[in-house]
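Take the sequence shown: its position 118, counting from 1, is numbered 119 in this note's numbering, and each next residue is one higher. Quick reminder that beta carbons are idealized off the backbone N, C-alpha and C, glycines included. None of these values were measured; they are calculated from a predicted model. Structure, as structure tokens:
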Amino acid sequence: MQRLVLGSGEAATDVAEVARDAPGEMRVLSADPDHVEALREAGVNATLAEPTEPSGYPATADLVVVADTDGERAVAAATAARRAFPDAVLVAVPPVAASPAVCERLAATTDRVADCWKAVTDRIRDVTRTDRGRRLRHLLATLRAVPEPLAVVTHDNPDPDAIAAALALVTLAERVGVEAEACYAGRIAHQENRALVNLLELELRDVAGVDVAAEYGTVALVDHAVPGVNDSLASSVAPSVVVDHHPPGEGVDAAFTDVRPKMGATATMLTEYVETMGIDLDTNVATALLYGIWVDTRDFVRGATEADFDAAATLLEWADPELLDRVESPSVAGSVFGVLAAAIDNRVRDGEIVTSCVGELPDRDTLPQAAEKLLSLSGVSVAVVYGYTDGTVYVSARARGTDVDLGETLRDAFGAVGSAGGHADMAGAQLDLGILEESDDPRRLRTVLEEVVSDRLFETLSRTTRPQTFGIDWSHPAADGR
Numbered sequence: 002m003q004r005l006v007l008g009s010g011e012a013a014t015d016v017a018e019v020a021r022d023a024p025g026e027m028r029v030l031s032a033d034p035d036h037v038e039a040l041r042e043a044g045v046n047a048t049l050a051e052p053t054e055p056s057g058y059p060a061t062a063d064l065v066v067v068a069d070t071d072g073e074r075a076v077a078a079a080t081a082a083r084r085a086f087p088d089a090v091l092v093a094v095p096p097v098a099a100s101p102a103v104c105e106r107l108a109a110t111t112d113r114v115a116d117c118w119k120a121v122t123d124r125i126r127d128v129t130r131t132d133r134g135r136r137l138r139h140l141l142a143t144l145r146a147v148p149e150p151l152a153v154v155t156h157d158n159p160d161p162d163a164i165a166a167a168l169a170l171v172t173l174a175e176r177v178g179v180e181a182e183a184c185y186a187g188r189i190a191h192q193e194n195r196a197l198v199n200l201l202e203l204e205l206r207d208v209a210g211v212d213v214a215a216e217y218g219t220v221a222l223v224d225h226a227v228p229g230v231n232d233s234l235a236s237s238v239a240p241s242v243v244v245d246h247h248p249p250g251e252g253v254d255a256a257f258t259d260v261r262p263k264m265g266a267t268a269t270m271l272t273e274y275v276e277t278m279g280i281d282l283d284t285n286v287a288t289a290l291l292y293g294i295w296v297d298t299r300d301f302v303r304g305a306t307e308a309d310f311d312a313a314a315t316l317l318e319w320a321d322p323e324l325l326d327r328v329e330s331p332s333v334a335g336s337v338f339g340v341l342a343a344a345i346d347n348r349v350r351d352g353e354i355v356t357s358c359v360g361e362l363p364d365r366d367t368l369p370q371a372a373e374k375l376l377s378l379s380g381v382s383v384a385v386v387y388g389y390t391d392g393t394v395y396v397s398a399r400a401r402g403t404d405v406d407l408g409e410t411l412r413d414a415f416g417a418v419g420s421a422g423g424h425a426d427m428a429g430a431q432l433d434l435g436i437l438e439e440s441d442d443p444r445r446l447r448t449v450l451e452e453v454v455s456d457r458l459f460e461t462l463s464r465t466t467r468p469q470t471f472g473i474d475w476s477h478p479a480a481d482g483r
């Protein structure tokens, strides 16, 4: 490729140095003797010539970059270059503080105007005058003031969104000189979640059984908002930072709080911080963030916002698509198919609602997969799947095309006997199995669970939802449609 740079000044020097080692030939024409001498000393092919005079141009050029300190001369050089090389790609770098008129004339003549100074001023405006800039400044100020080390804690049994958000917040903390560590409790059991952590070699600490308040200076929460609710922390822990996209079930108290339920993923919010700060992400963290957004928005079709698409576009610059493909296609354990089969076989359908008790769980992370599978049944708008393991009953719910708010419904149904919450179309709950665990008859235990979970669920729906919403006789839930 034949490259030609027309002009003088720092921008012309930067362009020449970047393009110097690319295949093909490059030549710089500058009217400034000192500029030419400096370029030659740097090993650049530079000629003292007027950039606006075609007589000094080479015979051919595939790419022409006009970068001069004088706006009028830049316009004249661009006009001359376009006439001399009508088929070349012509790019202009406007001088500092170029007038709008000069920029408009350059845009009319060239294929692209690369206004690096505008990019700088836009970045400054983003950081100083926008909501995202104000949030970033508040976050960084909070991080700089926290006692170290900082534990960035996900909810128990973290999903890709929580894992990625924790790692990104650790990155931001470390950039301002704060020692931080991504922490979780429970299991990373879902096959895709395990693949995410293993293939990307992500560093997280399992703090189950650890006194986090004693070992760390302070705590940040990501992808959940309340200590002691779906995490291993004591309820008395006071977090310094909370970043979450779920509707909070109760008051959130922290020095920095960013809770935006309209966002499709917490990873989107962390990507926004990174982009506004103007830092480059580690490839593995960027890939994890992109996957977190992809999973939480269900391929960008469930609750995805413009911000989620923008964040994904930003992350594509750093993410590794091959690694992402490997994460999305992991090997699947036989236990996953067992839970899916149980969910299908044990389903109870009433109108547009289907529930299923899968009994004892070999892997609680299979519940959301089972709920998604049941939601794909024709005519189903709400799917609720539940099972038990290690003394806890886990409930996973999914909805589509309905006015039911699952997060609120599960909080109303199970909040008094456990913990529950989530989004309108995606929610979960955890209940203490308690005395029922002592039963030595799995069939009896499953029957009791069906009565407890299903009865509470249908009772709550009957109070909060118009009966005609689903065309159901709420007084007599049926067990047909198996």
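Select from the options the residue whose C-alpha is nearest the C-alpha of residue i.
i    : options                : result
R176 : Y185, A165, L140       : L140
N199 : A289, A221, E26, P262  : A289
H225 : A313, S236, S233, V243 : V243
L291 : R261, V328, D259       : V328
M264 : R21, G279, T306        : T306
D35  : G8, P59, V103, R106    : G8
A68  : E11, A108, V19, A20    : E11
A93  : A77, V66, A99          : V66
R4   : D157, A60, Q370        : A60
G408 : D391, V383, T390, V394 : V383
V396 : G380, D326, D366, V405 : D366
A17  : A79, A43, A196         : A43
L234 : D297, T155, I280       : T155
G335 : T315, L362, L324       : L362
L446 : S420, V394, A428, L411 : V394
E202 : R138, A77, A165        : A165
R206 : Q192, R28, D157        : D157
Could you check if residue i is buried or exposed, using at least 16 other CB atoms within 10 Å of its CB as the buried criterion?
i    : result
T111 : buried
G435 : exposed
S56  : exposed
P159 : buried
P248 : buried
P95  : buried
G472 : Its pLDDT being 39, under 50, G472 is placed unreliably in this model, and the coordinates cannot settle the point.
Q469 : Confidence at Q469 is low in this model, with a pLDDT of 39, below 50, so its placement is unreliable and the value that follows should be read with caution. Q469 is exposed by the Cβ-count criterion.
A479 : Bear in mind that a pLDDT of 40 at A479, under 50, signals an unreliable position, so the model cannot answer this.
P161 : buried
A23  : exposed
G388 : buried
R350 : buried
A268 : buried
A167 : buried
P52  : buried
V19  : exposed
In the DSSP output, what is residue i paired with across the bridge?
i    : result
D259 : V244
T48  : L30
G422 : G429
L64  : R4, V90
S100 : In DSSP, S100 forms no bridge with anything.
R113 : V92
R399 : A384, M427
A152 : E182, V220
Return helix, strand or coil for residue i, following the three-state DSSP convention.
i    : result
R83  : helix
S56  : helix
R464 : helix
A77  : helix
S455 : helix
G482 : Residue placement at G482 is flagged as unreliable, the pLDDT there being 37, under the threshold of 50; the coordinate-derived value follows with that caveat. Coil, per DSSP.
R350 : strand
S336 : helix
V147 : coil
R21  : coil
D159 : Sequence inspection shows Pro at residue 159; the Asp mentioned does not correspond to that position. Note: P159 maps to coil in three-state DSSP.
L411 : helix
L137 : helix
D309 : helix
A320 : coil
D326 : helix
T131 : coil
Compute the minimum distance between the beta carbon of residue i and the heavy atoms of the ligand MG, and state whether it is under 6 Å.
i   : result
A32 : Ligands displayed in this structure: none; no statement on the ligand MG is therefore possible.
Checking contacts by CB at 7 Å: is residue i closer than that to chain D?
i    : result
A239 : Among the chains in the structure shown there is no chain D, since it carries only a single protein chain.
Alpha helix (DSSP H) runs contained entirely in the segment 354-395, provided each spans 4 or more residues = Within the segment 354-395, the complete alpha helix (DSSP H) segments of 4 residues or longer fall at 367-376, listed in chain order.
task = Return the chain-ordered ranges of every alpha helix (DSSP H) run that is complete within the segment 162-250 and spans a minimum of 4 residues.
result = Whole alpha helix (DSSP H) segments, 4+ residues: 192-200, 213-216.
task = Tell me the start and end of each unbroken beta strand (DSSP E) in the segment 257-307 that is at least 3 residues and wholly inside, in chain order.
result = Contiguous beta strand (DSSP E) elements confined to the segment 257-307 occur at 257-260, taking only those with 3 or more residues.
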